[in-house]
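> Following this message is one structure expressed as structure tokens.
2 protein chains.
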Amino acid sequence: MLTPGTVVIGQSGGPTAVINQSLIGVVKACLQRPETFTRVLGAVHGVNGIMKGEFVDFTLEDPANLEVVAGTPSSALKSVRRKASAEDCTAIFARFKELDVRAFFYIGGNDTAETTHIIDEMAKKAGYDLACFHVPKTIDNDLRVTDHCPGFGSAAKFVAQAFMGDNLDNRSLSGIKVNIVMGRNAGWLTAASALARILPDDGPHLIYCPEADFSLEAFCRDAEAVYRRLGRCVIAVSEGIHGPGGAEIIDSKEVDSHGNKQLSGSGALGDFLADTLKAHLAKVMPDKKHRVRADTFGYLQRCFPGVVSESDAREARMAGAAAVVAATSGVKSGSIAFRRHDAPYRIETFVTPLATVAKETKPMARDLLNAAGNDIDSAKLLPYLTPLVGPLPPVGRLRGISG
Amino acid sequence: MLTPGTVVIGQSGGPTAVINQSLIGVVKACLQRPETFTRVLGAVHGVNGIMKGEFVDFTLEDPANLEVVAGTPSSALKSVRRKASAEDCTAIFARFKELDVRAFFYIGGNDTAETTHIIDEMAKKAGYDLACFHVPKTIDNDLRVTDHCPGFGSAAKFVAQAFMGDNLDNRSLSGIKVNIVMGRNAGWLTAASALARILPDDGPHLIYCPEADFSLEAFCRDAEAVYRRLGRCVIAVSEGIHGPGGAEIIDSKEVDSHGNKQLSGSGALGDFLADTLKAHLAKVMPDKKHRVRADTFGYLQRCFPGVVSESDAREARMAGAAAVVAATSGVKSGSIAFRRHDAPYRIETFVTPLATVAKETKPMARDLLNAAGNDIDSAKLLPYLTPLVGPLPPVGRLRGISG
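So the sequence lines, in the order shown, correspond to chains A and B.
Taking the working numbering, the leading residue of the first sequence gets 60, the next gets one more, and so forth.
Taking the working numbering, the leading residue of the second sequence gets 60, the next gets one more, and so forth.
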């Protein structure tokens, strides 16, 4: 059984539109069990807050406001990108002992799971009685074990709606449009652009995910073929695309403390691809001026207020509550994962060992993409994606107009 | 009185989220008056469709589908960027005579008003009986005479929500974030980022519009000051910023047939400002690593499905219907404009001569910005902006956390 005492909750890594649903899921489940969770504390900026002693006391928060916070995108406790070192863990344990912390819930992605795992291992080694849970979130949808990740559905909804609008824009003024979508190693979010295809010939007409090796030559050839056929072309490109053996398309500059390269917050890849396409078209179709543009969706896609998937919000809340239920049921540590049931779609939660989620991520299976590597396999992927995103805004065309 | 005959409707210029509301506003008002408008035609790709003879016959369209089209962003008739030359007008008149066109409604911005104006003048010279109306749209909100422009409110809502999300993101992971907002000559859309300020110290903390001369030095100094005070900074920058006398910040490449430079569809300005800030901070705060990122909102902001201002949609529809009412009331030509009444907010439409709207645009008055040119004057601008955008998604913070 869980030793009664203080519980500490933290958020870590990039924010999502529903990460606060998970936070409030944990918080409310803890507040309902005051005999077990004698104090409910939130660490500000994740492990940094634990080390510095910066906490929010949730018993002092207004319950009605907690619901507003749950519906607010991004990390209400503020976030951090820090892999806890052995030294960090010593400091964290000192604080946990001082506060009599007996349960720790850390909401985040694979890096956050790794930190949770390290703390769990250290606690075991030190013989310190601590329940240690990772609650998943990531717009990248690249955590192992789970069917999908809280935060992905809402980001995918943003991407789908963005491509719906951009397809309409491109249809209206024609030309070629390249959109760069987030996703460091996994193409899930880029693949979700396919949900924007509502009517015949709707874009995106080409989709490039990191799971298929990227070739600039094939990219130009593919885009030219669509452009010649439709007079326009909308292209989804993952920020994580690379050539064979991981060869970079352009040089990127910064690396964070987990060794992740900076891919977002710069328009460089999109501008490079647009320039390459312009040069290609000037060569193969020299008799015409070509309109080629690129947008980089950037940080907008990960926590846009008002563009939230209802199932994503509900499941993020469930994941938080499930972690507390697991901890009070005698499970000592783990990460919450989703198992999917279809027809009708529903999920159930289960606990998977922290080691199975920590550190490594899971890309899409290569066979979820088409053989040419310039599109998804719609028959396989759309049934997976659709319930995670939910209904999209209705769009229509005049009947008397072609294309 | 309006001579009974065919009516032609077209859309021109960049699309908006509500330009089809105006289209369907015109179409339904015409379909209700079959004795006056014997045929109701839509020109595909604006004047191009007239010259090529590519039309949609609205009497053959399904009325229920017209409502779906009205709610669909971007130009359902497809768009064009073309200033009608004297030669073009000869071709247009030949077509109008062939089809017995007696009314022409052209939905677009100042360039579209100019084309409408040229056609109207040519018709008068040729003694051809034609009602010629411009129905306004532009996300830039820079048309003269009217209080505001259909399309602006929805784009402003997107910008406001984007900044709400980005402010939450920046608050969670800190650093400096620069966002480039559309608006060639007018800062209205960039100014609308101020609506994202809901709670104390919410960003954007700095706002740069083209109406105030931009200085890189002042920009770095301003950003550094906010960053030192809050540990973070969110900055809204118009794509149209320039130094004294219109000096360019970076070189842009392409120019369209109206002489407009390509500002969107590239991340170059944002990347340049972020790199400049990084270099500045490395010099003045060398003891710390600084996280500086830039996003360019690009085409997303002008026709994003699902992020539509209700008042904008309603007013865009009104503008379309008002043009038809004016035409059937004996007015020969003009542009539809809005007059605002406050407390409670409502608008009425009126007709202004085409020459008062064509060609030239209207920037914001300089005194709607603060003296330093790094923010808006909130007391003056927020009451103007708020009713155009309408309610924003609720966001909240934990009470026990500072900043």
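Every residue, glycine too, gets a C-beta built ideally from N, C-alpha and C.
Helix or strand or just coil, what does DSSP make of S316/B?
Position 257 of the second sequence, counting from 1, holds the residue named residue 316/B. Note that S316/B has pLDDT 46, beneath the 50 cutoff, so the model's placement of it is unreliable and the number below is only indicative. It is coil, neither helix nor strand.
> Mapping DSSP to helix, strand and coil, what is E407/A?
As a first step, residue 407/A must be located in the first sequence, where it is residue number 348. E407/A: strand per DSSP, three-state reduction.
> If you count every other CB in all the chains shown that lies within 10 Å of the CB of V237/A, and 16 or more means buried, which is it?
Residue numbering aside, residue 237/A sits at position 178 when the first sequence is read from its first letter. With 16 or more other Cβ atoms within 10 Å, it is buried.
> In chain A, which residues lie with their C-beta within 9 Å of the C-beta of I460/B?
Here residue 460/B is taken as the residue at index 401 of the second sequence, counted from 1. Simply G101, V103, E113, V115, A135, L136 and K137.
> Check each residue of the segment 76 to 98 of chain B: if its Cβ is closer than 7 Å to any Cβ of chain A, include it; give the result in chain order.
Under the 7 Å Cβ criterion, the segment 76 to 98 of chain B contributes no residue.
> State yes or no: is the C-beta of P263/A within less than 9 Å of the C-beta of F222/A?
The residue you call residue 263/A lines up with position 204 of the first sequence. The residue you call residue 222/A lines up with position 163 of the first sequence. Cβ distance < 9 Å, so P263/A and F222/A count as in contact.
> Less than 9 Å between the C-beta atoms of V219/B and A251/B, yes or no?
Sequence index remark: in the second sequence, residue 219/B carries index 160 (1-based). Sequence index remark: in the second sequence, residue 251/B carries index 192 (1-based). A small correction: the amino acid at residue 219/B is Ala; Val does not occupy that position in the sequence shown. For A219/B and A251/B, yes; Cβs fall inside 9 Å.
> If you pair each beta-carbon of the segment 88 to 105 of chain A with each one of the segment 223 to 230 of chain A, do three or more pairs fall below 8 Å?
Short answer: they don't touch.
> Report the residues of the segment 206 to 227 of chain B with a CB closer than 8 Å to any CB of chain A, ordered along the chain.
Going along the segment 206 to 227 of chain B in chain order, one finds Q220, A221, M223, G224, D225 and L227 with a Cβ nearer than 8 Å to chain A.
> Please classify T174/A as buried or exposed, where buried requires at least 16 other C-beta atoms within 10 Å of its C-beta.
In the first sequence, residue 174/A corresponds to position 115, counting from 1. With 16 or more other Cβ atoms within 10 Å, it is buried.
> Determine the direct distance from the alpha carbon of S370/A to that of V204/B, and round the result to whole angstroms.
The residue given as residue 204/B occupies position 145 in the second sequence. The residue given as residue 370/A occupies position 311 in the first sequence. For V204/B and S370/A, the distance between alpha carbons rounds to 46 Å.
> Buried or exposed: where does H400/A fall if 16 or more other Cβ atoms within 10 Å of its Cβ makes it buried?
Within the first sequence, the letter at position 341 stands for residue 400/A. Flag for H400/A reads exposed.
> State yes or no: is the beta carbon of N169/B nearer than 9 Å to at least one beta carbon in chain A?
Reading the second sequence from its first residue, position 110 is the one you call residue 169/B. It does not: the Cβ of N169/B has no partner Cβ on chain A nearer than 9 Å.
> Going by C-alpha distance, which of G326/B, P195/B, K348/B and T387/B is nearest G357/B?
The residue given as residue 357/B occupies position 298 in the second sequence. Per the Cα distances, G326/B.
> Should Q80/B be labelled buried (16 or more other beta-carbon atoms within 10 Å of its own) or exposed?
On the second sequence, residue 80/B is found 21 positions in, with the first residue counted as 1. The residue in question, Q80/B, is buried, as its Cβ has 16 or more Cβ neighbours within 10 Å.
> Would you kindly work out how many angstroms separate the C-alpha atoms of V67/B and R154/B, rounded to a whole number?
Taking the first residue of the second sequence as 1, we reach residue 67/B at position 8. Taking the first residue of the second sequence as 1, we reach residue 154/B at position 95. Answer to the nearest angstrom: the Cα atoms are 11 Å apart.
> Reducing DSSP to helix, strand and coil, say where F222/A ends up.
Here residue 222/A refers to the residue found at position 163 of the first sequence. It is helical.
> Check each residue of the segment 120 to 154 of chain A: if its Cβ is closer than 9 Å to any Cβ of chain B, include it; give the result in chain order.
Listed by position, the residues of the segment 120 to 154 of chain A near chain B (Cβ gap below 9 Å) are E120, D121, N124, L125, E126, V127, V128, A129, G130, T131, P132, S133, S134, A135, L136, K137, S138, V139 and R140.
> Compare the C-beta of R288/B against all C-beta atoms of chain A and say whether one is closer than 9 Å.
Residue 288/B sits at position 229 when you count from the first residue of the second sequence. No, no contact with chain A.
> Interface residues of chain A around L359/B at Cβ under 8 Å?
For the purposes of this step, residue 359/B is identified with residue 300 of the second sequence, where counting begins at 1. In chain order: A221, G224, D225, D354, F356 and L359.
> Would you verify that the beta carbon of F363/A is, or is not, closer than 9 Å to some beta carbon of chain B?
In the first sequence, residue 363/A corresponds to position 304, counting from 1. So, interface residue.
> For V410/A, which of P450/A, R243/A, T420/A and S392/A has the nearest alpha-carbon?
Looking up residue 410/A in the first sequence gives position 351. When only C-alpha atoms are compared, the closest one is S392/A.
> Going straight from the alpha carbon of N429/A to that of R425/B, what length do you get?
For this step, residue 429/A is matched to residue 370 along the first sequence. For this step, residue 425/B is matched to residue 366 along the second sequence. C-alpha separation (whole angstroms): 54 Å.
> Within this structure, are the beta carbons of V139/B and S213/B separated by less than 9 Å?
Taking the first residue of the second sequence as position 1, residue 139/B is located at position 80. Taking the first residue of the second sequence as position 1, residue 213/B is located at position 154. No. Outside cutoff.
> What does the Cβ neighbour count give for S134/B, buried or exposed, with the cut at 16 atoms within 10 Å?
To locate residue 134/B, count along the second sequence from 1; it is residue 75. Classification for S134/B: buried.
> Less than 9 Å between the beta carbons of R291/B and S233/B, yes or no?
For the purposes of this step, residue 291/B is taken as the residue at position 232 of the second sequence. For the purposes of this step, residue 233/B is taken as the residue at position 174 of the second sequence. Result yes, Cβ atoms of R291/B and S233/B sit closer than 9 Å.
> May I ask which residues mark the beginning and end of the beta strand (DSSP E) holding S394/A?
Position 335 of the first sequence, counted from the first residue, corresponds to residue 394/A. Element bounds for S394/A: S392 to H400.
> What's the gap between the Cα of V160/A and the Cα of F273/A?
Here residue 160/A is taken as the residue at index 101 of the first sequence, counted from 1. Here residue 273/A is taken as the residue at index 214 of the first sequence, counted from 1. Near 48 Å, if we compare the C-alpha coordinates of F273/A and V160/A.
> Just to confirm, are K418/A and H176/A a CB contact at a threshold of 9 Å?
On the first sequence, position 359 is the one that residue 418/A refers to. On the first sequence, position 117 is the one that residue 176/A refers to. Contact flag set, yes.
> If you draw a straight line from the alpha carbon of P446/A to that of M423/A, how long is it in whole angstroms?
As a working note, residue 446/A is residue 387 in the first sequence. As a working note, residue 423/A is residue 364 in the first sequence. Looking at the two C-alpha atoms, the distance is approximately 18 Å.
> Check distances from the C-beta atoms of the segment 434 to 452 of chain B to those of chain A and list, in chain order, the residues that come in under 7 Å.
For the segment 434 to 452 of chain B, which is checked against every Cβ of chain A, the residues closer than 7 Å are P452.
> Taking C-beta pairs closer than 7 Å, name the residues in chain A that R454/B reaches, listed in chain order.
As a position in the second sequence, residue 454/B is number 395, starting the count at 1. Looking at the sequence itself, residue 454/B is Val, so the reference to Arg does not match. Per Cβ cutoff of 7 Å: T131 and P364.
> Using alpha carbons as the reference points, say which of E283/B, P403/B and N229/B lies closest to D261/B.
Working through the second sequence from its first residue, we reach residue 261/B at position 202. Comparing Cα positions, the closest option is N229/B.
> Can you find a C-beta in chain B that's less than 9 Å from the C-beta of N242/A?
Residue 242/A sits at position 183 when you count from the first residue of the first sequence. Just to set this straight, residue 242/A is Gly in the shown sequence, not Asn. G242/A does not count as touching chain B.
> Straight-line CA distance for T62/A to A333/A?
As a working note, residue 62/A is residue 3 in the first sequence. As a working note, residue 333/A is residue 274 in the first sequence. Computed Cα separation, rounded: 59 Å.
> When you compare only the Cα positions, how much space is there between G318/A and I406/B?
The residue given as residue 318/A occupies position 259 in the first sequence. The residue given as residue 406/B occupies position 347 in the second sequence. Low confidence applies here, because G318/A scores a pLDDT of 49, under 50, leaving its location unreliable; read the following figure in that light. Distance between the alpha carbons of G318/A and I406/B: 55 Å.
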